[in-house]
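The structure under discussion appears below in the form of structure tokens.
Number of protein chains: 2
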Amino acid sequence: MHLLRENIEKTIGTSLTDDEFSTFSNFLFEKAFDKKHLLAEEGQVCQYIYFLLKGSAYSYYTDAEGEKHAVQFALEDFWVSDLYSFFSKRTGIYNAETLENSRCLVLNRANFETACNTLPTINNYFRILIQNAFVSLQYRFVRRQSADAEARYAELMRTHPAFIQRIPQYLLASYLGIKPQSLSRIRHKHP
Amino acid sequence: MHLLRENIEKTIGTSLTDDEFSTFSNFLFEKAFDKKHLLAEEGQVCQYIYFLLKGSAYSYYTDAEGEKHAVQFALEDFWVSDLYSFFSKRTGIYNAETLENSRCLVLNRANFETACNTLPTINNYFRILIQNAFVSLQYRFVRRQSADAEARYAELMRTHPAFIQRIPQYLLASYLGIKPQSLSRIRHKHP
DNA sequence: CGTCTATTTGAATGTACTCAAAAGCGGTGG
DNA sequence: CCACCGCTTTTGAGTACATTCAAATAGACG
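Residue numbers (the numbering used here), protein chains in the order written: chain F, 1 to 191; chain E, 1001 to 1191.
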């Protein structure tokens, strides 16, 4: 729980009062999930977002051929969900699932909206969080367009070494937009 | 100006009071720009975001080889800027420039922050705006990973016909992550 | 252990790229 | 007005990065 408080304070750049945080934390509940548990499912309207206290998870997109494409990885201190569905209330197009046994703080949409509308600090927190997510994704996108697989992998190693350690290779490949065979060849060249 | 008000009301799903809107509009000023005017420049900290009242603009990333990659197009009713730099206050890595002679509403960062911190409705507006931008970009990203150039172009035609009309082909190609020659070949096949 | 999943390696293939050049379009000035 | 210039689009031929298909090896889990 204090992991979330730290995350909020780090994100907005100021401390929370105990009161503010405790008000917000009443909107959340803690829950443990087994490995491979589906947190969000394509075809369902996604009702929750999850803050990882322990463990790991990822979200992915399944294309028409049934191929899965990793969208986001979440380790401790990350939020994960199908944000498309959560924000738009529409049928989900992504899946999210745990990679390890995990403990999460869970926030449902009604509470998310109430918190945003009644706690300016929290509204701010989520605005900044999503701003950061947006600029990160935009950068990942332009690198996907402009750099080859080898350079993108090198960049991932540099910026997210924890992913390389904890996420299986075929998912890292998918995240980079290549096939597991290609990533294996890249790793072979650069030990 | 009323274009912005409509955009806000459409985005947050409720109307603004005249008072709220007029308070917010005091943070903005209107400005005309010639075609090819740089709105945000790589290497500079980006101080403004621009809401297009008339005309068009786009943002792009320049890679190590000097190749330009279109990141976003903006027509009337769109915001455009280097959001990475604007939000983070860091040296910009994107450029933004007008494609036609344009009129914009300009919002500087200090005013953006003041507006977000003093006008809950506006904070909400920008949070939802960026949420929408995020989910759109995420979808564009997974389609980049999972669909070939032809399918991505067909999708762009369907979802953003106005882009096809008003944006030069070499920029559309770049936006799709392909070369102008390739887009030309795709268009040749599918008239 | 045995089975299932993940990773590695090899060879052939394909989508989009590069290089190259021609044709089309648009604006500018003589 | 049209001739010219620069920029955009088209078309052709050869190429490359990553893919597909295939199979062997390695690793994880019950």
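Beta carbons are placed, not taken as given, at the ideal position from N, Cα and C, and that holds for glycine.
Where residue i meets chain E, residues with beta-carbon distance less than 7 angstroms
| i | result |
| --- | --- |
| V71 (chain F) | Q1138 and V1142 |
First through last residue of the alpha helix (DSSP H) which encompasses residue i
| i | result |
| --- | --- |
| K1189 (chain E) | P1180 to K1189 |
| L4 (chain F) | H2 to I12 |
Contact set between residue i and chain F, taken where Cβ atoms lie within less than 7 angstroms
| i | result |
| --- | --- |
| G1177 (chain E) | Q145 |
Residue i: CB within 6 angstroms of a non-hydrogen atom of the ligand MG
| i | result |
| --- | --- |
| K1031 (chain E) | With respect to the ligand MG, the structure offers nothing, as it holds no ligand at all. |
Per-residue contacts from residue i into chain E (C-beta, under 9 angstroms)
| i | result |
| --- | --- |
| N124 (chain F) | C1116, N1117, N1123 and R1127 |
| S88 (chain F) | Q1131, N1132 and V1135 |
| E150 (chain F) | Neighbours of E150 (chain F) on chain E: none; closest Cβ ~14 angstroms, over 9 angstroms. |
Closer than 8 angstroms at the beta carbon, the chain F residues around residue i
| i | result |
| --- | --- |
| P1120 (chain E) | N117, P120 and N123 |
| L1083 (chain E) | Q131, F134, V135 and Q138 |
Enclosing beta strand (DSSP E) for residue i [first to last residue]
| i | result |
| --- | --- |
| R1090 (chain E) | That residue, R1090 (chain E), is in no beta strand (DSSP E); it is neither H nor E in DSSP. |
| S102 (chain F) | S102 to N108 |
(request) Within the segment 18-82 of chain F, note down every full alpha helix (DSSP H) run reaching 4 residues or more, in order along the chain. (result) 18-25
(message) If contact is defined by three or more beta carbon pairs under 8 angstroms, each pair taking one atom from either stretch, is the segment 1098-1114 of chain E in contact with the segment 1054-1074 of chain E?
(response) Touching, yes, given that three or more Cβ pairs across the two stretches are closer than 8 angstroms.
(request) For the segment 1119-1183 of chain E, list the beta strand (DSSP E) runs that are entirely contained and at least 3 residues long, ordered along the chain. (result) none
(request) Below 7 angstroms between beta carbons is the criterion; list the residues of the segment 50-72 of chain F that meet it against any residue of chain E, in chain order. (result) Listed by position along the chain: Y61, D63, E67, H69 and V71.
(request) Please confirm if the segment 1023-1035 of chain E is in contact with the segment 1104-1120 of chain E, defined as three or more CB-CB distances below 8 angstroms between the two stretches. (result) yes
(request) Assess, as a yes-or-no matter, whether the segment 167-174 of chain F is touched by the segment 1077-1094 of chain E under the definition of 3 or more beta carbon pairs within less than 8 angstroms. (result) With the cut-off at 8 angstroms, the segment 1077-1094 of chain E and the segment 167-174 of chain F do not touch.
(request) Mind the definition here: the segment 1032-1045 of chain E touches the segment 1136-1148 of chain E only if three or more C-beta pairs lie below 8 angstroms; say whether that holds. (result) no
(request) Would you check if there are 3 or more beta carbon pairs closer than 8 angstroms linking the segment 150-157 of chain F to the segment 112-132 of chain F? (result) Taking 8 angstroms as the limit for Cβ pairs, the verdict is that the segment 112-132 of chain F does not touch the segment 150-157 of chain F.
(message) When you compare the segment 64-81 of chain F with the segment 13-21 of chain F, are there three or more beta-carbon pairs, one atom per stretch, that lie closer than 8 angstroms?
(response) no
(message) Using a Cβ distance threshold of 8 angstroms, determine whether the segment 1059-1070 of chain E contacts the segment 1125-1140 of chain E, with at least three qualifying pairs required.
(response) No contact exists between the segment 1059-1070 of chain E and the segment 1125-1140 of chain E.
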